[in-house]
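Worksheet: one structure, shown below.
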Amino acid sequence: PCGQALQAAEGGGADAGADAGEAEALRAKVAELERRLSEQAAATDDKVVQEAAELAAISARNTFLNARAAAVVVDPTVEAAWQAVNEELEPVFAAVDKARINQIAGDQFLVKDVEDAKSVPLYKRKYAALGATAATQESFMKAFRRAVRTAKESKTVQKLIKIMDDGIEGGLTRKQVKLETKKLKGKTRNAAFFFEELAPAVMEDPFMESVQGIVGSLLFCGLFLGVAILLLPPIPEALDD
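When we follow UniProt numbering, the leftmost residue of the sequence shown carries the number 1, and every step to the right adds one.
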């Protein structure tokens, strides 16, 4: 009986030791998990702090740029003419801006879509990308052409164009007006689009464009004929006789 009791005690001690070992291993796993979670939380906190700092820097830069743009003084006549145009064409500017953003976003999507579509043959992916790119570009060009057509029919735009062409009577010269419009371009995106893209399109002369196109075609035809004559083989002497 004493031997049996001793064996039972030893068995119980072994079981207790095994339980203690399992508990110790479990505590170690919990500690490791807590350590990893704390590291992830610290990394997340650092990322949040970095993003917040970047956003604060961007906000401060935008505030500075807006303040600097607001501090720029523009001639009152030019400023008033531009504000009238901006108010009238605001829907047009918004439509063109939306089409431009869609074009950029569409190009980015196409790159990702082509990279992911590994199962599609390469030539099909190229045709799909080219077709979609052409569609987004055509949408932008339609919006731009509508903007040009609307601007050409606008009296406020024609008034501003006249100031840009002739200057202000008794005031600024044409060159000085150009300097004022350059100031306006730095103030807003609408002004930059109008003076850099829309106004030149409105001021184009269709007749002169047609003449230039005809002259260019004639020059190209003449050049082509000249090169063709130079490339012709010499006439055989037998045919000359």
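Just so you know, even glycine gets a beta-carbon here, dropped at the ideal spot from N, CA and C.
Excluding the 5 residues preceding and the 5 following residue 74 in the sequence, name in chain order all residues of the same chain whose CB lies nearer than 7 Å to its CB. 180, 183, 184
Which residue wins for smallest C-alpha separation from residue 202, given the options 177, 178, 153, 166? That would be 153, whose Cα lies nearest to the Cα of residue 202.
The stretch 148-163 contacting the stretch 51-60, beta-carbon criterion three pairs below 8 Å: no
With distance defined between alpha-carbon atoms, name the residue in 28, 71, 78, 38 nearest to residue 175. 78
Could you tell me the distance, in whole angstroms, from the CA atom of residue 168 to the CA atom of residue 223? 46 Å
DSSP state of residue 186, grouped into three classes? coil
Give me, in chain order, the residues of the same chain whose beta-carbon lies closer than 6 Å to that of residue 92; leave out the 5 immediate sequence neighbours on both sides. 147, 150
By the three-class DSSP mapping on this structure, what secondary structure does residue 166 have? helix
For residue 155, which of 86, 143, 95 has the nearest alpha-carbon? 86
Would you decide whether residue 96 is buried or exposed? Buried here means 16 or more other CB atoms lie within 10 Å of its CB. buried
Could you check what DSSP says for residue 204 in three-state terms: helix, strand or coil? coil
Could you give the distance in angstroms between the alpha-carbon of residue 23 and the alpha-carbon of residue 35? Their backbone Cα atoms lie some 18 Å apart in a straight line.
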